[in-house]
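Residue numbers (our numbering), protein chains in the order written: chain A, -19 to 98; chain B, 4 to 181.
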């Protein structure tokens, strides 16, 4: 499934904390490498490497602006990521919400039992 | 201080820590011992692992290292089954087991359940370690298929349950009868 593996590549790209920080910074608007270096405290080669990885999976786009390149988020890819993981997350949310109900019931019984007869 | 019942509903978070892993995290307002019991006792697992529309028809748990487990449900006219073997048991903190979805028998994964208790709440973490990224992605995709089936099953009962499921806190709706 081509769509899924593309999405997955993007998901893996953002599994790393530093790349998430770059994405969060870009959420405020497009930036040049130097802006990101100043803001995040990473070295310029680090920032460039993260941007290259995220450009390769379409998480980030770049455009030329004079002598600089300005980077911005690709909202469509981020939305695809979310859409891809969402049904799986919903399945587990429903399952663990039911588990929560079972756990709450056991915990209530447990509290009563440990209090003993009054 | 514990949250009110149901206040953590919908709070499970799924992340993909690496190319071959899935991680699921959820907090419970109970000691680890109780969460572990609900996770490993067949008559309790039956109450939460399957949905009301697709309940478990099989729930076998032989909780010892080397012991096997098997869950199954019926969807349409097919049985969907999952099984595996317990590899490490450190109740109530950690449980490692293999898992095979029987529709895809070559895709064995290793599940590690961790229960981390602090101040009366327990953080449950499940890490699913697949052998390949393709298997991991297929596992995520299966959520879409199961989710679609569930959605179809629920369309007609949605209205009835919406109120209760949301804890009667739906904006613009009348308050709960008390």
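Glycine is no exception: its CB is placed at the ideal position from the N, C-alpha and C atoms.
Discussion item. Once DSSP output is grouped into helix, strand and coil, what is the label at residue 68 (chain A)?
Written reply: Position 88 of the first chain, counted from the first residue, corresponds to residue 68 (chain A). Residue 68 (chain A): helix per DSSP, three-state reduction.
Worksheet item: How about residue 87 (chain A): is its C-beta nearer than 9 angstroms to some C-beta of chain B?
Response: Here the question's residue 87 (chain A) lines up with position 107 in the first chain. So, interface residue.
Worksheet item: Does the beta-carbon of residue 33 (chain B) have 16 or more other beta-carbons within 10 angstroms, so that it is buried, or is it exposed?
Response: As a first step, residue 33 (chain B) must be located in the second chain, where it is residue number 30. Per the 10 Å Cβ criterion, buried.
Discussion item. Quick check on residue 16 (chain B): does DSSP put it in helix, strand or coil?
Written reply: For the purposes of this step, residue 16 (chain B) is identified with residue 13 of the second chain, where counting begins at 1. Three-state result, residue 16 (chain B): strand.
Worksheet item: Which residue from B:41, B:15, B:62, B:55 puts its Cα closest to that of residue 85 (chain A)?
Response: As a working note, residue 85 (chain A) is residue 105 in the first chain. Selected option, being the one with the closest Cα: B:41.
Fill in: Burial state of residue 107 (chain B) (16 or more Cβ within 10 Å)
Walking along the second chain from the start, residue 107 (chain B) turns up at place 104. Exposed, by the Cβ-count rule.
Practice prompt. For residue 79 (chain A), decide whether its Cβ has a neighbour in chain B, counting only Cβ atoms nearer than 9 angstroms.
Written response: Here residue 79 (chain A) is taken as the residue at index 99 of the first chain, counted from 1. Yes - at least one Cβ of chain B is within 9 angstroms of the one on residue 79 (chain A).
Worksheet item: Going by C-alpha distance, which of B:13, B:73, B:77, B:31 is nearest residue 125 (chain B)?
Response: For this step, residue 125 (chain B) is matched to residue 122 along the second chain. For the residues B:13, B:73, B:77, B:31, the minimum Cα distance to residue 125 (chain B) belongs to B:31.
Worksheet item: How many Å lie between residue 120 (chain B) and residue 98 (chain B) at the Cα?
Response: To locate residue 120 (chain B), count along the second chain from 1; it is residue 117. To locate residue 98 (chain B), count along the second chain from 1; it is residue 95. Taking the straight line joining both Cα atoms gives about 15 angstroms.
Item to complete: Measure the beta-carbon distance from residue 8 (chain A) to residue 11 (chain B) and round it to whole angstroms, keeping in mind my assumption that it falls under 8 angstroms.
Response: As a first step, residue 8 (chain A) must be located in the first chain, where it is residue number 28. As a first step, residue 11 (chain B) must be located in the second chain, where it is residue number 8. Between residue 11 (chain B) and residue 8 (chain A) the Cβ distance is about 31 angstroms, and since that is not below 8 angstroms, they are no contact.
Worksheet item: Do you know whose CA, among B:75, B:104, B:133, lies nearest residue 52 (chain B)'s CA?
Response: Within the second chain, the letter at position 49 stands for residue 52 (chain B). It is B:75 whose Cα lies nearest to the Cα of residue 52 (chain B).
Worksheet item: Which residue comes first and which comes last in the alpha helix (DSSP H) that contains residue 48 (chain A)?
Response: For the purposes of this step, residue 48 (chain A) is taken as the residue at position 68 of the first chain. No alpha helix (DSSP H) holds residue 48 (chain A); the beta strand (DSSP E) holding it covers 48 to 53.
Item to complete: Compute the distance between the beta-carbons of residue 36 (chain B) and residue 95 (chain B), then report whether it is under 9 angstroms.
Response: For the purposes of this step, residue 36 (chain B) is identified with residue 33 of the second chain, where counting begins at 1. For the purposes of this step, residue 95 (chain B) is identified with residue 92 of the second chain, where counting begins at 1. In contact: residue 36 (chain B) and residue 95 (chain B) (Cβ atoms closer than 9 angstroms).
Worksheet item: Using a Cβ-Cβ cut-off of 6 angstroms (strictly less than) and excluding sequence neighbours within five positions of residue 157 (chain B), which residues of its own chain qualify?
Response: By one-based count along the second chain, residue 157 (chain B) stands at place 154. Any reading at residue 157 (chain B) is ruled out, since the residue's pLDDT is 49, under 50, leaving its predicted position unreliable.
Worksheet item: Unbroken beta strand (DSSP E) runs of length 3 or more, entirely within the segment 9 to 59 of chain B: which are they?
Response: Annotation: the segment 9 to 59 of chain B contains the following complete segments of the beta strand (DSSP E) (minimum length 3 residues), in chain order: 16 to 18, 24 to 31.
Worksheet item: Near residue 18 (chain B), what residues of its chain come up, given a Cβ to Cβ distance below 6 angstroms and the 5 sequence neighbours on each side ignored?
Response: To locate residue 18 (chain B), count along the second chain from 1; it is residue 15. Excluding the 5 residues flanking it on each side, residue 18 (chain B) has same chain C-beta neighbours closer than 6 angstroms at 26, in chain order.
Worksheet item: Going by the beta-carbon positions, is the gap between residue 103 (chain B) and residue 87 (chain B) smaller than 9 angstroms?
Response: Counting from one through the second chain, the residue named residue 103 (chain B) turns up at place 100. Counting from one through the second chain, the residue named residue 87 (chain B) turns up at place 84. Yes.
Discussion item. 9 angstroms is my cut-off, CB to CB: does residue 73 (chain A) come that close to chain B?
Written reply: By 1-based counting over the first chain, the position of residue 73 (chain A) is 93. Output row for residue 73 (chain A): interface = yes.
Discussion item. Looking at the secondary structure, which residues open and close the alpha helix (DSSP H) in which residue 12 (chain A) lies?
Written reply: Position 32 of the first chain, counting from 1, holds the residue named residue 12 (chain A). Here residue 12 (chain A) belongs to no alpha helix (DSSP H), and DSSP marks it neither H nor E.
Worksheet entry | Among A:92, A:75, A:91, A:87, the one whose alpha carbon lies nearest that of residue 49 (chain B) | The residue labelled residue 49 (chain B) in the question sits at position 46 within the second chain. When each option's Cα is compared against that of residue 49 (chain B), the closest is A:75.
Practice prompt. Count the other C-beta atoms from every protein chain shown that fall within 10 angstroms of the C-beta of residue 93 (chain B), then say buried if there are 16 or more, exposed otherwise.
Written response: Position 90 of the second chain holds residue 93 (chain B). With fewer than 16 other Cβ atoms from the protein chains shown falling within 10 Å of its own Cβ, residue 93 (chain B) counts as exposed.
Worksheet item: Between the segment 121 to 142 of chain B and chain A, which residues of the former have a C-beta closer than 9 angstroms to a C-beta of the latter?
Response: Considering only beta carbons, the part of the segment 121 to 142 of chain B lying closer than 9 angstroms to chain A consists of 125, 127, 129, 136, 137, 139, 140, 141, 142, in chain order.
Worksheet entry | beta strand (DSSP E) segment containing residue 81 (chain B), residue limits | Against the second chain, residue 81 (chain B) aligns to sequence position 78. Counting along the chain, the beta strand (DSSP E) containing residue 81 (chain B) begins and ends at 81 to 93.
Worksheet item: Just how far apart, CA to CA, sit residue 146 (chain B) and residue 73 (chain B)?
Response: Reading the second chain from its first residue, position 143 is the one you call residue 146 (chain B). Reading the second chain from its first residue, position 70 is the one you call residue 73 (chain B). Per the coordinates, the alpha-carbon of residue 146 (chain B) lies some 19 angstroms from the alpha-carbon of residue 73 (chain B).
Item to complete: Under the assumption that residue 112 (chain B) contacts residue 132 (chain B) (Cβ atoms under 8 angstroms), give the Cβ distance between them as a whole number of angstroms.
Response: Locating residue 112 (chain B) in the second chain gives position 109, counting from the first residue. Locating residue 132 (chain B) in the second chain gives position 129, counting from the first residue. Confirmed, about 6 angstroms.
Discussion item. Looking at residue 54 (chain B): is its Cβ nearer than 9 angstroms to the Cβ of residue 78 (chain A)?
Written reply: Translated into positions along the second chain, residue 54 (chain B) becomes position 51. Translated into positions along the first chain, residue 78 (chain A) becomes position 98. Residue 78 (chain A) is positioned such that its CB atom lies closer than 9 angstroms to that of residue 54 (chain B).
Fill in: Closer than 9 angstroms to chain B by CB, residue 69 (chain A)
Translated into positions along the first chain, residue 69 (chain A) becomes position 89. Chain B, which has a Cβ nearer than 9 angstroms to the Cβ of residue 69 (chain A), makes this yes.
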